[in-house]
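Visitor:
Chains as they are written, first to last, in the numbering used here: chain F, 1 to 194; chain U, 195 to 386.
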């Protein structure tokens, strides 16, 4: 496999595409273009316009001060401008999909994992290391950090260092240690009666 | 993995956005500022459509239709690149000549077989995509909750590469360990 192909595939997997946006935008402009073509054809055939003839449109839109439709033009203009800005932002921004790529020493193989899967695995390890029950550990995984919050059982202290070490070992085992930084937070209020 | 034209999408989106922004701000300008409206009406040529001759009108109409066709084309390019079979071997010299196609399903069954002794895998789904040189395999594995994804992914990858070896093909393999509704209920939860 040529160099860079793997990177390209992974990039496509980890970032979102703009197909839905393009579908919306083509629908919008397609409708407008179709309407203009229709009115042109109607005026060429000397038949009455469907809505308004194009020269009436042009007049209305280039000099609305004369007309009563000024507020309508203003509102349409505002909507168009905002939509334009939104489209431009969408065109330039990068959206990450909630996935991580596990580095592999393999020419053809690639391995990607959902954030949620990693979070669930980390929650299991944190629960065992802290000796707490289900529902006392909350894990959130992002692109470069895993945040683990533990609510200890009242009266039984939790060793932060031990939990952190267990989590780092688990990440090591999964090949994610270099990407994710573990942050453990032990809650100050405990849970009663576990 | 598809052949969605990502760069083209972004360029089209940007251009349409720019056009919308310019038109929109022009309309806001004309309806709010008389001085701007005055200047714009001189430049924009109020009688543009009345002065349009047949040739100009035809050109404009054809242009609009071209935009329409181009956009339908762009829509049809989204999400392409899936294959209906993974490997295809044409045996032209054989008697009788024939074609052997191996579908995604066959690979899926082989991987399921390989994972049969693991009880922590909920589902396996395989699709293939048209790669630059060889078709690629995309394997979606859904484990039960709290399963370590690294070792599981490695195992799936190893099985897939064994299958590839037996078929005599090589090509990219992408294993995606994902979560879903079905992975939420672990065994331990249901025992109680």
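Where is the CB? At the ideal position from N, CA and C, for every residue including glycine.
My guess is that residue 148 (chain F) and residue 122 (chain F) are in contact by the Cβ rule of under 8 Å, so how many angstroms apart are they, rounded?
Guide: With a Cβ gap of about 6 Å, residue 148 (chain F) and residue 122 (chain F) count as contacting.
Visitor: Check this for me: beta carbons of residue 215 (chain U) and residue 85 (chain F), under 7 Å apart or not?
Guide: Yes. Within cutoff.
Visitor: Per DSSP, which one or two residues make a beta bridge with residue 295 (chain U)?
Guide: U:282
Visitor: Can you find a CB in chain U that lies within less than 7 Å of the CB of residue 140 (chain F)?
Guide: no
Visitor: Please decide whether residue 18 (chain F) counts as near chain U, where near means a Cβ-Cβ distance under 7 Å.
Guide: yes
Visitor: Answer with buried or exposed for residue 265 (chain U), where buried requires no fewer than 16 other C-beta atoms within 10 angstroms of its C-beta.
Guide: buried
Visitor: Over what stretch of residues does the alpha helix (DSSP H) that includes residue 29 (chain F) continue unbroken?
Guide: Segment 19-44, the alpha helix (DSSP H) holding residue 29 (chain F).
Visitor: Suppose the cutoff is 6 Å on Cβ atoms and the five residues either side in sequence are ignored; what does the same chain contact list for residue 281 (chain U) look like?
Guide: 296, 361 and 363
Visitor: Listing by chain order, which chain U residues have their CB less than 9 Å from the CB of residue 51 (chain F)?
Guide: Those within 9 Å of residue 51 (chain F) in chain U number zero; the least Cβ separation is about 14 Å.
Visitor: Report all residues from its chain with a CB closer than 6 Å to the CB of residue 336 (chain U); omit the five preceding and five following residues, and keep chain order.
Guide: 316, 317, 372, 374 and 377
Visitor: Drop a sphere of 10 angstroms on the beta-carbon of residue 232 (chain U), count the other beta-carbons inside from all chains shown, and report buried for 16 or more, exposed for fewer.
Guide: exposed
Visitor: Hey, would you say residue 91 (chain F) sits closer than 7 Å to residue 204 (chain U), going by beta carbons?
Guide: yes
Visitor: Given this structure, state the Cα-to-Cα distance separating residue 329 (chain U) from residue 171 (chain F), to the nearest angstrom.
Guide: If I take the Cα positions, the gap works out to 32 Å.
Visitor: Residue 333 (chain U) lies in the beta strand (DSSP E); which residues open and close that run?
Guide: 330-337
Visitor: Mark residue 87 (chain F) as exposed unless 16 or more other C-beta atoms lie within 10 angstroms of its C-beta, in which case mark it buried.
Guide: buried
Visitor: So, using beta-carbon positions, are residue 120 (chain F) and residue 339 (chain U) closer together than 7 Å?
Guide: yes
Visitor: Beta-carbon separation of residue 281 (chain F) and residue 167 (chain F) under 7 Å?
Guide: Absent from the model: residue 281 (chain F). The displayed extent of chain F is 1 to 194, so no value can be given.
Visitor: Pick out the complete alpha helix (DSSP H) segments inside the stretch 214-243 of chain U, 4 residues or longer, and give them in chain order.
Guide: 228-238
Visitor: Tell me, please, whether the CB atom of residue 272 (chain U) is closer than 7 Å to any CB atom in chain C?
Guide: In the structure shown, chain C cannot be found, because the protein chains are F and U.
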